[in-house]
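Residue numbering for the sequence shown follows the working numbering, beginning at 7 and increasing consecutively. Heads up, the beta-carbon is just placed ideally off N, CA and C, and yes, glycines get one too. Report on one structure; see the data block that follows.
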Amino acid sequence: MKVDVATPEKTLYSYRFGSAEFNEARFELRVAGLVVDTERRALEVLAHLLRHAGELVTKEELIQSVWNGRITVDKVLPNAVNKLRRALGEANAEFVSTQTRLGYRLDAIVSRTAVGQQLHSDMDLREGQTVPGRQNFKLRKQFSNNRGSEVWLAEQAKTHELRVYKFGTDHEHLRALKREATLARVLPESLPERSHFVQIMDWNFESKPYFLESEYGGQNLREWAETTLAPLDDPARVALFLQIADAVAAAHSVGVLHKDLKPANVVIAPKDGGGWHIRLTDFGSGRLLDPERLERLGITRLGMTVTQM
């Protein structure tokens, strides 16, 4: 049996000040209970100010912490602070004070609650680093570290498009990545009208660290439920369950078994016009019951033995 082991590095907190709440684990800002959509850099500035609430944080410290000491655009720090103030709203913006020619300070009564732990990378990956072999993407957040396999959120430097990278370094995880890539091709080609499966965009099976690159489908169901499930009425909850059941049934209809279905492998995002959209992800432990389907679709069998099919 595979045992998932995660190594904690530091405690993450949920901070409250005024009517604002910032959750480091989800990297999410809420004002008056509502999620605020703003640029990640602005939230990184907020995170650093909160860790040093009441203290002067110099411009140099912020540039080093948020931009790794490299600035390529004029006034990038003041612009990020202005975006942060707009995100916080008029009532909370005044807590972020400018210390002329020196830096910034968060002048507020701040309370904090431990909400999780930041993971350690055994692959020497870190936030702000470019994705190995994908120079246009930078790592933004580590999702998991499961003994030889790590999952990271990455952002395209210019467009800010998000991607999820699943890395592996040994033969066992390479085989799982290849198996997932194979099943990820079977699903959309067999079910072109379905949108309940996270799409694999690219992969690297040639050099370490091996990886899959997939679209970002939203928060996983476990994290989402902690903050968003409670206000939903029973019909809305049933609708979510039916989406999951329908996606699983659709996969089964073309001979694909997930074999590791759990809240962490279900992702959820808002739909245009309201409501929520469910997708299944991580078919690395999956199985194909109809191996002839690969031949019919013209898909190369990767990472799958006869017994796994």
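Extent of the continuous beta strand (DSSP E) to which residue i belongs
{"i": "PHE247", "result": "First-last for PHE247: 240-259, but that is the alpha helix (DSSP H), not the beta strand (DSSP E)."}
{"i": "ASN98", "result": "Segment 96-99 is the alpha helix (DSSP H) holding ASN98; no beta strand (DSSP E) there."}
{"i": "GLU219", "result": "216-221"}
{"i": "LEU235", "result": "LEU235 -> no beta strand (DSSP E), and no H or E assigned at all."}
{"i": "LEU112", "result": "109-112"}
{"i": "VAL102", "result": "102-105"}
{"i": "ARG140", "result": "140-151"}
Simplified DSSP state of residue i, which is helix, strand or coil
{"i": "GLN162", "result": "strand"}
{"i": "GLU30", "result": "coil"}
{"i": "GLN135", "result": "coil"}
{"i": "ALA48", "result": "helix"}
{"i": "HIS283", "result": "strand"}
{"i": "ASN226", "result": "strand"}
{"i": "LYS89", "result": "helix"}
{"i": "VAL82", "result": "helix"}
{"i": "SER20", "result": "strand"}
{"i": "LEU56", "result": "helix"}
Start-to-end residues for the alpha helix (DSSP H) that takes in residue i
{"i": "ALA38", "result": "Counting along the chain, ALA38 falls outside any alpha helix (DSSP H), and DSSP gives it neither H nor E."}
{"i": "PRO276", "result": "Note, PRO276: premise wrong, no alpha helix (DSSP H); beta strand (DSSP E) at 272-276."}
{"i": "ILE69", "result": "65-73"}
{"i": "LEU303", "result": "298-303"}
Assumed close pair residue i, residue j - CB separation to whole angstroms, cut-off 8 angstroms
{"i": "ALA182", "j": "GLY174", "result": "7 angstroms"}
{"i": "VAL316", "j": "ALA38", "result": "As displayed, the chain neither begins before 7 nor continues past 315, which places residue 316 out of reach and without an answer."}
{"i": "ARG22", "j": "SER103", "result": "Their Cβ separation, rounded to whole angstroms, is 19 angstroms, which puts ARG22 and SER103 out of contact at 8 angstroms."}
{"i": "ARG228", "j": "PRO269", "result": "4 angstroms"}
{"i": "PHE289", "j": "ALA160", "result": "Not quite, the Cβ-Cβ distance comes to about 20 angstroms (not below 8 angstroms), so this is no contact."}
{"i": "PHE33", "j": "LYS147", "result": "6 angstroms"}
{"i": "VAL137", "j": "VAL157", "result": "Not confirmed; about 12 angstroms, so no contact."}
{"i": "LEU83", "j": "LEU94", "result": "That belief does not hold up - the Cβ atoms of LEU83 and LEU94 are roughly 16 angstroms apart, past 8 angstroms."}
{"i": "VAL192", "j": "VAL273", "result": "About 19 angstroms; that fails the 8 angstroms criterion."}
{"i": "LEU108", "j": "PHE101", "result": "Rounded, the Cβ-Cβ distance is 17 angstroms, inconsistent with contact."}
{"i": "ALA6", "j": "ASN142", "result": "Lying before the first or after the last residue shown, residue 6 is absent from the chain, which here runs from 7 to 315."}
{"i": "PHE28", "j": "LEU35", "result": "5 angstroms"}
{"i": "GLY139", "j": "ASN210", "result": "5 angstroms"}
{"i": "GLN135", "j": "LYS16", "result": "Not a contact, Cβ separation roughly 18 angstroms."}
{"i": "ALA275", "j": "GLY223", "result": "6 angstroms"}
{"i": "GLY24", "j": "ALA97", "result": "6 angstroms"}
Residue i at chain C interface by Cβ criterion, 9 angstroms
{"i": "GLY24", "result": "No chain C is present in this structure, which holds just one protein chain."}
Closer than 8 angstroms: residue i CB and nearest the ligand ATP heavy atom
{"i": "ILE274", "result": "This structure lacks the ligand ATP; in fact it carries no ligand of any kind."}
Q. Does the count of Cβ pairs from the stretch 46-60 and the stretch 86-100 closer than 8 angstroms reach three?
A. yes
Q: State whether the stretch 60-68 contacts the stretch 129-138, with contact taken as three or more CB pairs (one from each stretch) at a distance under 8 angstroms.
A: no
Q.
Restricting to runs no shorter than 4 residues, where is the alpha helix (DSSP H) found entirely within the stretch 158-205?
A. 177-196
Q.
Taking contact to mean 3 or more Cβ pairs, one atom from each stretch, closer than 8 angstroms, check whether the stretch 227-247 and the stretch 258-267 are in contact.
A. no
Q. If we count Cβ pairs, one from each stretch, closer than 8 angstroms, do we get three or more for the stretch 196-207 versus the stretch 255-264?
A. yes
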